[in-house]
Structure formats: structure tokens, C-alpha cells
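What follows is a short report on a single structure.
There are 2 protein chains.
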Amino acid sequence: MNGDPIKSFGLVIKEIRKSQGLSQESLATEANLDRAFISQVENGHKQPSLLTIFRLADALKLSVSELLKQVEAVLAGN
Amino acid sequence: MNGDPIKSFGLVIKEIRKSQGLSQESLATEANLDRAFISQVENGHKQPSLLTIFRLADALKLSVSELLKQVEAVLAGN
DNA sequence: TTGTAGACTGGCGTCGACT
DNA sequence: TAGTCGACGCCAGTCTACA
Chain A
610 MNGDPIKSFG
620 LVIKEIRKSQ
630 GLSQESLATE
640 ANLDRAFISQ
650 VENGHKQPSL
660 LTIFRLADAL
670 KLSVSELLKQ
680 VEAVLAGN
Chain B
610 MNGDPIKSFG
620 LVIKEIRKSQ
630 GLSQESLATE
640 ANLDRAFISQ
650 VENGHKQPSL
660 LTIFRLADAL
670 KLSVSELLKQ
680 VEAVLAGN
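Protein chains in written order, with the numbering used here: chain A, 610 to 687; chain B, 610 to 687.
Written out as C-alpha cells, the structure is:
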């Protein structure tokens with residue numbers, strides 16, 4: 610029930626970040642991104658570029674394919 | 610031997626497209642993208658956004674996670 | 001700690017045309 | 001068929017700041 614890949618991506622990022630007990634601030638630092646931008650992405654207000662997706666995956670310590678597999682799962686219907 | 614995710618992504622797209630006997634033109638049509646932009650991406654001159662990655666994966670008839678798994682394989686050393 | 005806002009720079013993605 | 005170029009509009013991503 611979530612046809613939007615951008616919103617789904619944000620949801621997954623937020624879930625994983627919280628599950629690791631990280632703040633947006635610390636995630637932003639690890640991924641070399643701006644904290645305000647992390648917030649926009651998590652709420653589906655901005656879509657990241659390829660490089661940013663890699664940076665986020667690295668910061669969350671999982672592979673890009675594993676990250677996007679979770680996005681696909683959310684897209685498939687949560 | 611290829612540390613650049615953007616170039617690796619381009620290589621994978623080009624390989625898969627050729628393996629399916631598609632032209633850049635037809636891939637661009639399927640993915641609702643510009644042919645010139647497909648060329649830039651395949652040669653690592655431009656990096657796609659999240660939405661564009663999904664469009665490309667769909668046009669190549671494979672999942673985003675599978676697509677990026679192949680990118681990771683190239684990154685890992687071909 | 002997070003969401004959001006405004007202003008800003010650089011780059012995504014389109015289009016037309018030429019090689 | 002594919003690579004590239006210039007011009008263009010729009011958005012990714014940064015920074016500062018406030019609730």
C-alpha cells in the first residue's frame with residue numbers, strides 16, 4: 610500500500626537508523642550529509658542521488674542492495 | 610579495481626542493456642528518460658537519482674536490489 | 001532531537017543538433 | 001546507433017536559524 614519509492618526509501622532509512630539507536634545528527638555526520646537533508650529524505654520530501662544512497666548505506670553498515678531490498682519490501686505492501 | 614560507484618553503475622546498465630539487445634533509444638523510451646542522458650549515465654558522466662534508478666531497473670526488467678547487487682559485484686573487483 | 005523554512009550553488013534531466 | 005555539446009528549468013544538498 611505504498612506506491613511511492615521515495616517515501617518508502619525514507620521510511621526504511623528512518624527505521625534502520627532508529628533500530629541502531631542513531632540520531633539524525635550522527636547519521637548525517639557518518640554519511641557526510643546535512644542533518645536537515647536527512648530529515649527531508651526520511652519524510653519523503655527529497656529524493657537522494659546514487660552517491661547519497663551509497664553514503665547512507667555505508668553509514669548504516671549494510672549494503673546498498675540489502676537496503677533497497679527492504680525498500681522493495683515496503684513497496685510490495687509493508 | 611573500480612572504486613567509483615557511479616562508473617560501476619553505468620557499466621552495469623550498459624552490459625544489461627546490450628545483453629537484452631536494446632538500443633539506448635529504446636531503453637530511454639521504456640524508462641521515460643532522454644537518450645542523451647542514458648549515454649551520460651552509461652559512461653559515468655552523470656549520476657542518476659533514486660527515481661531514475663527505479664525507472665532504469667523497471668525498464669531492464671529486474672529489481673532495484675538485483676541491479677545494485679551487480680553494481681556491488683563490479684565494485685568488489687569485477 | 002527533530003521538522004521545517006529560505007536562500008544559495010551545483011548538478012540532474014530535457015531538448016535539439018551535430019558528428 | 002552512440003557520444004557529445006549548449007542551453008535551459010528544476011531539484012539535490014548545504015547552511016543558518018527557529019519552533
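In this text, a Cβ means the ideal position worked out from N, Cα and C, and glycines have one as well.
When secondary structure is reduced to three states using DSSP, SER672 of chain A falls in the coil class, being assigned neither helix nor strand. Listed along chain B, the residues sitting closer than 7 angstroms to LYS678 of chain A by beta-carbon distance are SER674.
With at least 16 other beta carbons inside 10 angstroms of its own, GLY619 of chain B counts as buried. At least 8 angstroms separates the CB of SER648 of chain A from every CB of chain B.
Looking at the DSSP output, SER617 of chain B bridges to nothing.
Taking the CA atoms as reference points, LYS623 of chain B sits about 24 angstroms from GLN656 of chain A. With respect to the 8 angstroms criterion, PRO614 of chain A and LEU669 of chain B are not classified as neighbours on the basis of their beta carbons. From the beta-carbon of LEU660 of chain A, the residues of chain B found nearer than 8 angstroms are PRO614, ILE615 and GLN656. A Cβ of chain A is located within less than 8 angstroms of the beta carbon of GLU681 of chain B. Counting along the chain, the unbroken alpha helix (DSSP H) around LEU636 of chain B starts and ends at 633-640.
Here the stretch 670-686 of chain B makes contact with the stretch 672-685 of chain A; the two share three or more CB pairs at distances below 8 angstroms.
In the DSSP annotation of this structure, SER658 of chain A is not part of any alpha helix (DSSP H), being labelled neither H nor E.
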